[in-house]
Amino acid sequence: MSALDPNIAGQLAEDLSPDVFRMIIATFEEDLTRLVKELETAVLTGDQDGYERAAHSLAGASAAVGAVGLERESRIAMDHRQPEPAATVLPRLLTEAKAALEALHDLIN
Amino acid sequence: MAARILLVEDTPTQAEIAKAMLREFGHEIRHAETGAEALAAAVEWQPDAILVDLVLPDFSGMELMRRLKAARIEAACIVLTAHGSVNTAVEAMREGATDFILKPYTAARLRVTLDNALEKRQLRQALDAAQTQLGRARFHGFIGASPAMQAVYRTIESVAGSRATVFVTGESGTGKELVAEALHQASSRSGKPFIALNCGAIPRDLLESELFGHVKGAFTGATDNRLGAARAADGGTLFLDEIGEMPAEMQVKLLRFVQTGSVTPLGGTRPETVDVRLVCATHRDILAEVQAGRFREDLYYRLYVVPVVLPALRARGEDVLLIARHLLAIYAREEGKDFSGFDAEAEAAIRAYPWPGNVRQVQNALRNAVVLHAGPLVTRAMLPGLLLHEAAPARVLPQAPPSGLPSGPPLGIEPLAVSERRLILAALEHTGQDVPRAAALLEINPSTIYRKLTAWK
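For the record, the sequence lines run as chains A and B. Remember, my numbering sits 321 above the position in the first sequence when you count from 1. Remember, my numbering sits 3 above the position in the second sequence when you count from 1.
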């Protein structure tokens with residue numbers, strides 16, 4: 322399954338000029354780095370609110386660029402009613418993040 | 004259309020996408036990452052539209068819309084949400100959102116939603132402006148929605164901020180002092196005094212002292228310093244009513260005051276600078292007074308800067324009913340009566356009568372009806388007789404008594420009190436219920452008329 326929804330990511334690439342699209346992907350990458358760090362810190366410190374807040378932001382950012390797999394894992398992470406522990410969700414989320422970035426870079430190039 | 008758009012979004016990726024799209028549309032953009040930042044920016048920048056993310060770091064987008072509404076921010080709010088549930092949409096609309104957009108969105112979706120919201124807002128603003136311009140039924144102390152009064156309101160609003168002298172003309176009872184008060188209230192001088200002086204009601208010997216003040220000992224009886232209206236109004240507004248009655252010698256002194264902006268109190272030696280906005284009024288045709296040589300031409304040109312012509316009540320259409328209903332509510336409350344309105348016949352009579360005494364006459368007629376009668380509605384029969392017969396009915400002279408009965412008074416002779424009452428009422432009707440003018444016609448003191456009216460109640 323592709324890491325990106327071609328409709329969303331493709332439309333974005335079409336709506337924006339290449340320079341702006343590249344800047345958006347760079348911003349997404351910065352968001353991703355920061356929010357993953359916040360998620361990991363929240364897991365280590367047992368900060369459930371911080372964990373859900375970071376997951377919510379990551380879900381929004383990934384949805385905006387069409388990173389559907391990362392969005393899905395982020396929404397699982399932000400939902401405190403789901404049964405999976407962070408230790409299970411986080412590695413999956415990181416894998417999706419990596420795949421999304423690679424797919425976006427492919428789109429730029 | 005280029006507009007001011009405030010974007011409220013805390014996730015940089017989403018914010019950058021939205022900003023890039025908005026820039027492409029040609030809008031001016033500001034970005035806030037928190038609800039508090041958004042509120043401050045909205046107050047300071049007054050955007051046309053606000054794109055609101057529902058989840059913000061400090062408080063929710065719904066709460067932000069509540070606070071924007073409380074701060075009277077009239078921008079079109081569009082909610083950005085990942086949750087497209089009906090409940091979210093309904094709640095957003097209830098909090099004042101114009102529309103909502105599901106995230107992620109395309110540039111086309113954002114453009115259509117934003118353009119619709121901006122167009123709707125523009126139409127609402129145009130409608131509000133039109134309603135304000137055309138449909139105001141109240142303006143400061145005025146009651147009236149007629150086109151003639153809307154023009155008066157617009158003039159007052161236009162000149163209120165200026166220092167220009169305003170010259171109000173209109174028949175007695177049309178509300179000339181209300182114009183002066185409205186000008187004062189709508190101006191930056193509203194925190195300072197509003198002083199009204201009726202030049203026609205003050206004996207000519209006292210007018211200078213009343214207007215410019217006097218120093219102790221200036222004349223017999225001047226036992227203290229007196230400030231005078233001009234200095235009392237310093238920083239505010241000085242309303243000179245019935246300026247057409249001002250004696251020629253005072254007109255010279257007023258001209259000097261208008262030219263120099265300074266006054267010298269009677270008996271004083273040093274002129275004092277006074278900052279007043281002058282509003283003058285007369286019921287006379289002031290230009291005719293100038294042509295007849297009774298009013299100085301140079302003073303006329305100094306004072307007649309911004310004319311405001313108050314229409315007679317008979318030229319204001321349905322305003323007379325608005326005024327009558329307003330007054331009836333006041334008088335019923337004051338007199339402890341239950342009147343809540345007029346019946347259809349009474350309204351027709353009020354509409355049909357030309358009201359030569361204008362609003363003042365309406366006041367008198369309704370006070371009379373409320374005091375003398377009771378009931379839920381004022382009926383036609385409760386209104387003063389004047390209203391029921393536009394032209395005064397011919398007086399029926401007493402008939403000669405049948406033969407064989409004691410002889411009555413000769414034809415046309417009636418008790419003196421009856422004649423007196425008839426003449427006073429006729430004079431009042433002729434002058435539109437203007438007591439001083441009626442008194443002048445009858446060559447009696449106005450207080451005599453007031454005394455008689457009180458006795459006849």
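Backbone N, C-alpha and C define an ideal beta-carbon position, used for all residues, glycine too.
Which residues mark the beginning and the end of the alpha helix (DSSP H) in which residue i is found?
i: residue 210 of chain B; result: 207-215
i: residue 363 of chain B; result: 361-375
i: residue 461 of chain B; result: Summary: the structure shown does not reach residue 461 of chain B, with chain B confined to residues 4 through 460, and so no result is reported for it.
i: residue 413 of chain A; result: 407-429
i: residue 333 of chain A; result: 327-336
i: residue 354 of chain B; result: 347-355
i: residue 429 of chain B; result: 419-433
i: residue 443 of chain B; result: 438-445
Among residues of its own chain, excluding the 5 on either side of residue i, which ones have a beta-carbon nearer than 8 Å to its beta-carbon?
i: residue 181 of chain B; result: 143, 144, 145
i: residue 339 of chain A; result: 429
i: residue 423 of chain B; result: 455
i: residue 371 of chain A; result: 359, 362, 363
i: residue 166 of chain B; result: 280
i: residue 140 of chain B; result: 146, 147, 148, 325
i: residue 394 of chain B; result: Note that residue 394 of chain B scores a pLDDT of 36, beneath 50, so its modelled location is shaky; the value from the coordinates is reported in the next line. Within the same chain, residue 394 of chain B has no close Cβ partners at all.
i: residue 381 of chain B; result: 331, 342, 344, 345, 346, 349, 369, 372, 373
Using only CA atoms, which one of the options lies nearest to residue i?
i: residue 157 of chain B; options: B/189, B/172, B/168, B/441; result: B/189
i: residue 76 of chain B; options: B/86, B/437, B/52, B/452; result: B/52
i: residue 4 of chain B; options: B/17, B/19, B/25; result: B/25
i: residue 354 of chain A; options: A/329, A/382, A/407; result: A/382
i: residue 354 of chain B; options: B/447, B/273, B/327; result: B/327
i: residue 101 of chain B; options: B/115, B/80, B/201, B/432; result: B/80
i: residue 114 of chain B; options: B/176, B/337, B/54; result: B/54
i: residue 99 of chain B; options: B/66, B/129, B/421, B/196; result: B/66
i: residue 210 of chain B; options: B/257, B/184, B/194; result: B/257
i: residue 328 of chain A; options: A/351, A/369, A/387; result: A/387
i: residue 375 of chain B; options: B/340, B/365, B/389, B/364; result: B/340
i: residue 17 of chain B; options: B/164, B/46, B/56; result: B/56
Since residue i is in the beta strand (DSSP E), which residue starts that stretch and which ends it?
i: residue 241 of chain B; result: 240-244
i: residue 349 of chain A; result: Taken as a continuous stretch (DSSP letters only), residue 349 of chain A belongs to no beta strand (DSSP E), being part of the alpha helix (DSSP H) at 339-366.
i: residue 201 of chain B; result: 197-201
i: residue 230 of chain B; result: Per DSSP, residue 230 of chain B belongs to no beta strand (DSSP E) and is neither H nor E.
i: residue 9 of chain B; result: 7-11
Report all residues from its chain with a CB closer than 7 Å to the CB of residue i; omit the five preceding and five following residues, and keep chain order.
i: residue 380 of chain A; result: 392, 395, 396, 399
i: residue 417 of chain A; result: 324, 390, 391, 394
i: residue 44 of chain B; result: 9, 33, 35
i: residue 219 of chain B; result: 225, 226, 227, 228
i: residue 22 of chain B; result: 10, 32, 34
i: residue 384 of chain A; result: 392
i: residue 334 of chain B; result: 369, 370, 373
i: residue 205 of chain B; result: 213
i: residue 312 of chain B; result: 172, 173
i: residue 452 of chain B; result: 427, 438, 441, 442
i: residue 184 of chain B; result: 143, 144, 197
Could you pull out every residue in the same chain whose Cβ sits closer than 6 Å to the Cβ of residue i, ignoring the five residues on either side in sequence?
i: residue 168 of chain B; result: 281, 306, 308
i: residue 383 of chain B; result: 348, 349, 352
i: residue 284 of chain B; result: 171, 179, 244
i: residue 387 of chain B; result: 368, 371
i: residue 160 of chain B; result: none
i: residue 449 of chain B; result: 438, 439, 442
i: residue 434 of chain B; result: 440, 441
i: residue 260 of chain B; result: 266
i: residue 91 of chain B; result: 84
i: residue 177 of chain B; result: 313, 361
Open item on the list: For a minimum of 4 consecutive residues, which ranges assigned as the alpha helix (DSSP H) are wholly contained in the region 132-179 of chain B?
Closed with: Restricting attention to alpha helix (DSSP H) runs no shorter than 4 residues, the region 132-179 of chain B encloses them at 150-163, ordered along the chain.
Open item on the list: Quick check: the region 24-36 of chain B against the region 384-396 of chain A, are at least 3 beta-carbon pairs closer than 8 Å?
Closed with: no
TODO: Pick out the complete alpha helix (DSSP H) segments inside the region 291-341 of chain B, 4 residues or longer, and give them in chain order.
DONE: Within the region 291-341 of chain B, the complete alpha helix (DSSP H) segments at least 4 residues long are 300-306, 322-338, listed from N- to C-terminus.
Open item on the list: For a minimum of 4 consecutive residues, which ranges assigned as the alpha helix (DSSP H) are wholly contained in the region 87-122 of chain B?
Closed with: 89-97
Open item on the list: Please give me, in chain order, every unbroken run of the alpha helix (DSSP H) with length at least 4 that falls completely inside the region 368-395 of chain A.
Closed with: 369-386
TODO: Quick one: which unbroken beta strand (DSSP E) runs of 3-plus residues sit fully inside the region 23-96 of chain B? Chain order, please.
DONE: 31-35, 52-56, 79-84
Task: Those runs of the beta strand (DSSP E) which lie wholly inside the region 258-282 of chain B and span at least 3 residues - done: none
Open item on the list: Taking contact to mean 3 or more Cβ pairs, one atom from each stretch, closer than 8 Å, check whether the region 251-271 of chain B and the region 226-239 of chain B are in contact.
Closed with: The region 251-271 of chain B vs the region 226-239 of chain B: in contact.
Open item on the list: Would you call the region 290-301 of chain B in contact with the region 249-262 of chain B, where contact means no fewer than 3 C-beta pairs closer than 8 Å?
Closed with: yes
Task: Cβ pair count under 8 Å reaching 3, the region 336-347 of chain A against the region 121-132 of chain B - done: no
Open item on the list: Measuring CB atoms only, is the region 354-365 of chain B touching the region 309-319 of chain B, in the sense that at least three cross pairs come out at less than 8 Å?
Closed with: yes
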